[in-house]
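With positions in the sequence shown counted from 1, the corresponding number in this note's numbering is that position plus 874.
What follows is one structure encoded as structure tokens, with my remarks underneath.
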Amino acid sequence: MNQAVFAVSEPFFLFIARVVDAGTGYILFLFAIYIAGGDALDAQKMGGMVFGIILLIFHFQGIYRSFRFATLRYEIRKIFSACLFLFFFLIMMAYMLDEFERLPQKGLLMWMVGWPLLLAVMRIVYRKTLRAIRKRGFNQKTAVIAGESMAGIKLARHIQENAWSGTQLLGFFSDRGECGSNRSIKEMHCLGTLDDIDAYTSDRRVDIIYIALSDNDESAMLRLMKRVEGLPSTIYLVPNVFFLDLVIGGEIIFFDQRPMIVLRDTPLTGLAGAGKRAMDIVISLALIILGAPVFLAAGLAVKLSSPGPLIFVQKRYGMNGQEIKVYKFRSMYDNCDKKEGPYVQATKNDSRVTPVGAFLRRTSLDEIPQLFNVLQGHMSLVGPRPHPLAMDDAYRRRIAGYMTRNKVRPGITGLAQVRGYRGETDTLEKMEKRVAYDLKYIREWSLLYDVEILIRTAAVLLFQKTAY
């Protein structure tokens, strides 16, 4: 088999994936309606409409980007999110079209559950098969890096640590003079300087050239582009910005045909934001109603165990840096946090914490009143945890991108909390890790991601004891 031909067939596989996804959706739709006792003619008529809607919605939801550069977990999350959007769209259509009313609801429910699961299984099988193929040397893309910027170095390490991308890095071309012992990318082979790149690529197949120059030198970039513009390689520009890790979306927009990269903006706009807000309202209301006896018992325990108010109110930063009042069951002796001096986090065996408060903090029951913050629209169920103002003011100057956390509503729980950074952050490194997970959550946000974090939060509350 010709490995080069196999490697460049990715657009064909993406086309096949579109057809297979919509085709399985169509077939399962017919099957589910049939076994639920629906009319075959109605099922075929509506199934054809469903097939076309799947193609459109999955396309605009960005499902069919290159498989090579997306993790399996991220891809499955995108698929489930697209399915949720599709089902929401079909439900809206059901109110406008009488044909949907004639279809058995049991069959529709079976399809809505079974088809996304089938898509996930298909992606897993596809990825496992593809990895086996790549281990045999097929479906590989060769790549070089032009330049030694920090962004390029991070890209090189990321590719080397993720073999699933099927990218073979041949080496790099230095933009800091001749190859020598002082070069930055010590783990990779130096192929020469930028002047050697066209001669090197003319002698061998190079599928991808990543341009990652050390300096923002426009003249150097123009000279390099003249050298590579006649090459058959795909060319990617790796922006040399020190805050690259802080980019939330990296979306390219145009201002009068001039491209700009959006570095910092909220991802919760339009239907996505409305969907998250709707989920917050429904789940928080359900938790308040179903958990009312537990909440009353916790409140009574606080009131009887020590003098002071039932609810502790503290100002924190909300979305876009606006101050909000966050509610908690009081877990410390009254006036402990009103003493002068810098804010001090609660620690293990903290003398300020009441016996009942220690239990509430360990089980996170002290956070229950924040469900009302969620209903107010000041917080979300899932998002970066809001910190006291004094803590924010201290760390915003020490951790790059710290206040980027405020581009979404703060949450009762978050990705950092389920990844082991719940409770006390007694070192700068721990806080940096927490912020890194918060930014990762913002970059990769989806409704399914929120559901996953809520489920993992339940496990954390049962098995981890890091909150004091």
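Backbone N, C-alpha and C fix where the C-beta goes; we use that ideal spot for every residue, glycine too.
Item: Chain D contact for E1303 (CB, 8 Å cutoff); Value: Any reference to chain D falls outside this structure, which holds one protein chain only.
Item: Range covered by the beta strand (DSSP E) that runs through G936; Value: G936 -> no beta strand (DSSP E), and no H or E assigned at all.
Item: CB contact flag (G1288, P1258, <8 Å); Value: yes
Item: Nearest-angstrom Cα separation, counted from A1152 out to A1175; Value: 32 Å
Item: Within 8 Å, strictly: CB atoms of Q1244 and Y1311; Value: no
Item: Which residues DSSP lists as bridging C1064, in chain order; Value: F1046
Item: Inter-residue Cα distance where the pair is I1019 and I1327; Value: 36 Å
Item: G1231, buried or exposed, once every other Cβ within 10 Å from all chains shown has been counted against 16; Value: buried
Item: Nearest neighbour of I927, chosen from R947, M966, Y948 and L915 [CA to CA]; Value: M966
Item: Cα-Cα separation, R1079 to G1045; Value: 13 Å
Item: Counterpart residues of S1254 in DSSP-defined beta bridges; Value: G1285
Item: Beta carbon of H1252 nearer than 8 Å to that of G1173; Value: no
Item: Q1196 - DSSP class collapsed to helix/strand/coil; Value: coil
Item: Whole-angstrom distance between T1278 and K1213, CA atom to CA atom; Value: Confidence is the limiting factor: at K1213 the pLDDT is only 47, short of 50, which leaves the residue's position unreliable and the question unanswerable from this model.
Item: Beta-carbon gap between G981 and I907 smaller than 8 Å; Value: yes
Item: CB-CB length for Y1084 against A1017, believed under 8 Å; Value: 6 Å
Item: Straight-line gap, G1149 to D1069 (C-alpha atoms, nearest Å); Value: 52 Å
Item: DSSP state of Y969 mapped onto helix, strand, coil; Value: coil
Item: S1254 vs R1283 beta-carbon contact at 8 Å; Value: yes
Item: Near the ligand ADP: R1272 beta-carbon under 7 Å from a heavy atom; Value: Absence of the ligand ADP from the depicted structure is noted, as is the absence of any ligand whatsoever, leaving it without description.
Item: Length of the line joining the Cα atoms of M1206 and I1185; Value: 11 Å
Item: Beta carbon of D913 nearer than 8 Å to that of R1005; Value: no
Item: For S1023 and L1029, the rounded distance between their alpha carbons; Value: 10 Å
Item: Best match in G1147, R1272, F1246 and S1225 for proximity to W1319 [C-alpha to C-alpha]; Value: G1147
Item: Environment of D895 [buried if 16+ CB atoms lie within 10 Å]; Value: buried
Item: Simplified DSSP assignment, three categories, for I1273; Value: coil
Item: Q979 classed as buried or exposed, judged by whether at least 16 other C-beta atoms fall within 10 angstroms; Value: exposed
Item: DSSP three-state assignment for R1226, whether helix, strand or coil; Value: coil
Item: DSSP three-state assignment for F1186, whether helix, strand or coil; Value: strand
Item: Inter-residue Cα distance where the pair is G1195 and T1140; Value: 12 Å
Item: Cβ neighbour criterion (16 or more within 10 Å) applied to V1256; Value: buried
Item: Rounded straight-line distance, which links the Cα of V1112 to that of D1081; Value: 16 Å
Item: Cβ neighbour criterion (16 or more within 10 Å) applied to T1301; Value: exposed
Item: Where K1213 sits in the DSSP three-state scheme; Value: Residue placement at K1213 is flagged as unreliable, the pLDDT there being 47, under the threshold of 50; the coordinate-derived value follows with that caveat. Here K1213 sits in coil by DSSP.
Item: Straight-line Cα distance separating L983 from G1040; Value: 38 Å
Item: Beta-carbon spacing of L1043, I1027 below 8 Å; Value: no
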